[in-house]
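In terms of numbering that gives the first Met the number 0, the sequence shown opens at residue 0 and continues consecutively.
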Amino acid sequence: MDIVRNPYAPGAGTPPPELAGRSSLIEDATNAIKRIAAGRPAQSLIMVGLRGVGKTVLLNRIEEIASDIGCKSSFIEAHEGKSLPELLAPKLRSILYSLSKVENAQDMARRSLRGLKGFLNGLKVTINDVDFGLSIEAEKGFADSGNIEADLPELIAMVGEAAKAASTPIALIVDELQYLSEDEFSALIMSIHKTNQKSLPIVMIGAGLPQIRALAGNSKSYSERLFRFPDIGALKSQDAINALQVPAKAEGASFTDEAIAHILKVTERYPYFLQQWAYTAWNLSDTEQIDAETARAADVPAIDELDKSFFQMRLERCNPSEKRYMRALAELGSGKQRSGEIADMLGVKVQSVAPTRSALIKKGMIYSPSHGDTEFTVPLFDQYMHRAIPEFKVSYE
């Protein structure tokens, strides 16, 4: 069929044509934003899930909804290359400049801008952006101690006061939370706690890999009461069917039941993979009805594309010992595996590979679903490791 009419959208963070199975999460986030806008308390949300389940897509949609409601939002993606203050400061600056134009909030917003300058000075953070333009004098003695756990809550509370004066809610939207340092994550949790205590109109909507639950609990015991941690996983069968059929029918096409059954089985109903198979099958089909033969024919090109665009880029971030560890994990099969068994596969003691395991967790390649267990954060990655390294060896280059 015509590739230009192909409605499917494989790609990281690319919104699918049909956002199936996520309506309750979107509704929860929308209600939280509306509640803080009305001056009522609301639990912040941290969505938890593997790679490829659509967390970033959901955050983007929530940001759109927040804007429609009249909420100011700060969307940042945590990563290993920048600290939380570097990522957050430009967004806060933009919000505060906007609030400073509201008559009732001018003084508080301008003080917060001075506080933001002091915050950055205290932490010795330089924003390498010619457009940052925060040339005002710092507010001395305010959020400038150089301790992020003390300073960020003070700063965010002041931003919340400005937002309250302007009758404008703020949504802090943070993706890839697992990349924050322990101090940064703790400071962020403490900030939301403080705004809740003061009934300030700030809510946080975040997302991260499964290890984020343990990180939150280890950071602050009250995080379980402060946040909801909804699981974002594979789609339910009917939602996965809708993700395939609804966009096709909008273009006058359809999938046969047999084609759908095959795609759901091979993708395990993960949103990213569903989009890739549907996109590939559409392009291969000679008719507007995509049958099982075409769906099966999509397997090889879809897997090849996923290997290059989704899997390989993650494997290339790892050194030889990390690849060896992951290949051993893959050799044991899908799902969670005992860390001791992985060490046995490698012919070493658990303690000797603990640094490698920790490094892989930090890189977001694996996580520990329970004590002593290890699992990939990327669905179907065990299958990819067999393709990337066909023969398992205890030692290889």
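No residue lacks a Cβ here, since even glycine has one placed at the ideal position from N, Cα and C.
Is it true that the stretch 52-64 meets the stretch 288-308, where meeting means three or more beta-carbon pairs spaced less than 8 Å apart? Fewer than three beta-carbon pairs drawn from the stretch 52-64 and the stretch 288-308 are found closer than 8 Å, and the two stretches are therefore not classed as touching.
Checking the sheet assignment: what are the DSSP bridge partners for I336? As a working mapping, residue 336 is identified with position 337 in the sequence shown. Before going on, a small fix: residue 336 reads as Gln here, not Ile. Per DSSP, the beta bridge partners of Q336 are T373.
Name the one or two DSSP bridge partners that Q288 has. To locate residue 288, count along the sequence shown from 1; it is residue 289. Per DSSP, S253.
To the nearest angstrom, report how far apart L436 and E79 are at their CA atoms. Residue 436 is absent from the structure shown; the chain starts at 0 and stops at 396.
Specify the secondary structure class of G207 as computed by DSSP and reduced to three states. The residue you call residue 207 lines up with position 208 of the sequence shown. Residue state for G207 is assigned as strand, using DSSP reduced to three classes.
Please work out which residues of its chain come closer than 7 Å, Cβ to Cβ, to K348, disregarding the five sequence neighbours upstream and downstream, and give them in chain order. On the sequence shown, residue 348 is found 349 positions in, with the first residue counted as 1. Exclusion of the five residues before and after K348 leaves A342 as the residues of its chain whose Cβ lies within less than 7 Å of its Cβ.
I'd like to confirm the pairing. Which residues does DSSP put opposite F226 in its beta bridges? The sequence position of residue 226 within the sequence shown is 227, counting from 1. The secondary-structure analysis by DSSP pairs F226 across a beta bridge with S43.
Rounded C-beta distance between I147 and D174? I'm assuming under 8 Å. Taking the first residue of the sequence shown as position 1, residue 147 is located at position 148. Taking the first residue of the sequence shown as position 1, residue 174 is located at position 175. Cβ atoms of I147 and D174 stay farther apart than 8 Å, at about 20 Å.
Run the CB neighbour count on E321, radius 10 Å, all protein chains shown included, and call it buried at 16 or more, exposed below. Position 322 of the sequence shown, counted from the first residue, corresponds to residue 321. When all chains shown are included, E321 counts as buried.
Rounded C-alpha distance that separates Q350 from M312: Locating residue 350 in the sequence shown gives position 351, where the first residue counts as 1. Locating residue 312 in the sequence shown gives position 313, where the first residue counts as 1. The alpha-carbon atoms of Q350 and M312 are separated by roughly 28 Å.
Can you tell me which of D372, V124, E330, G332 puts its alpha carbon nearest to the alpha carbon of S82? The residue you call residue 82 lines up with position 83 of the sequence shown. If we check each option's Cα against that of S82, V124 comes out closest.
If I measure Cβ to Cβ from H385 and keep anything under 7 Å in the same chain, skipping five residues before and after, which residues do I get? Position 386 of the sequence shown, counted from the first residue, corresponds to residue 385. Once the five neighbours on either side are set aside, the close Cβ partners of H385 are A329.
Using only alpha-carbon positions, find the residue among E17, C70, I155 that is nearest to K33. Position 34 of the sequence shown holds residue 33. The candidate whose alpha carbon is nearest that of K33 is C70.
What residue range does the alpha helix (DSSP H) around L331 cover? As a first step, residue 331 is located in the sequence shown; it is residue number 332 there, counting from the start. Note, L331: premise wrong, no alpha helix (DSSP H); not H, not E.
Around the Cβ of R337, are there at least 16 other Cβ atoms within 10 angstroms (buried) or fewer (exposed)? Here the question's residue 337 lines up with position 338 in the sequence shown. Exposed is the call here.
Who are the Cβ neighbours of I126 in its own chain at under 8 Å, not counting the five residues just before and after it? The count along the sequence shown starts at 1 and reaches residue 126 at position 127. Excluding residues within five positions, the ones whose Cβ falls inside 8 Å are E85, A88, P89, L119, L133.
Own chain residues within Cβ distance below 6 Å of P152, not counting five before or after: Along the sequence shown, read from residue 1 onward, the residue named residue 152 stands at position 153. The beta carbon of P152 lies closer than 6 Å to those of M189, S190, K193 in the same chain, with the five residues before and after it left out.
How would you write the range of the beta strand (DSSP E) that V56 sits in, first residue to last? Position 57 of the sequence shown, counting from 1, holds the residue named residue 56. Premise fails: V56 lies in the alpha helix (DSSP H), 54-68, not in any beta strand (DSSP E).
Spatial distance of K197 from Y178 (CA atoms): For the purposes of this step, residue 197 is identified with residue 198 of the sequence shown, where counting begins at 1. For the purposes of this step, residue 178 is identified with residue 179 of the sequence shown, where counting begins at 1. Each residue's CA atom was taken as its position, placing K197 and Y178 some 28 Å apart.
Three CB pairs or more closer than 8 Å across the stretch 211-218 and the stretch 20-39: Short answer: they don't touch.
Is V245 closer than 8 Å to E390 when the C-beta atoms are compared? One-based indexing of the sequence shown puts residue 390 at position 391. One-based indexing of the sequence shown puts residue 245 at position 246. For E390 and V245, no; Cβs fall outside 8 Å.
Can you give me the C-alpha to C-alpha distance between K307 and S369, rounded to a whole angstrom? Translated into positions along the sequence shown, residue 307 becomes position 308. Translated into positions along the sequence shown, residue 369 becomes position 370. Rounded to whole angstroms, K307 and S369 show a C-alpha spacing of 31 Å.
Given a threshold of 16 other Cβ atoms within 10 Å of its Cβ, counted over all protein chains shown, does N217 qualify as buried or as exposed? Along the sequence shown, read from residue 1 onward, the residue named residue 217 stands at position 218. Under this definition N217 is an exposed residue.
Tell me the residue span of the beta strand (DSSP E) that contains E160. Stepping through the sequence shown from its first residue, residue 160 is reached at position 161. Looking at the DSSP string, E160 is not in any beta strand (DSSP E); the run it does join, the alpha helix (DSSP H), is 147-164.
Taking only the alpha-carbon atoms, compute the straight-line gap between V162 and D150 and give it to the nearest angstrom. Position 163 of the sequence shown holds residue 162. Position 151 of the sequence shown holds residue 150. It should be noted that the sequence gives Ala, not Val, for residue 162. A162 and D150: Cα-Cα distance of roughly 18 Å.
Counting pairs of beta carbons, one from the stretch 222-238 and one from the stretch 2-12, are three or more of them closer than 8 Å? They do not touch, by the three-pair rule.
Rounded distance between the beta-carbons of P378 and R21, thought under 8 Å: Position 22 of the sequence shown holds residue 21. Position 379 of the sequence shown holds residue 378. Contact between R21 and P378 does not hold, since the beta-carbon distance rounds to 17 Å and is not under 8 Å.
Own chain, CB closer than 6 Å to R326, minus 5 neighbours either side, in chain order: What you label residue 326 is simply residue 327 of the sequence shown in a count that begins at 1. Within the same chain, R326 has close Cβ partners M384, I388, F391.
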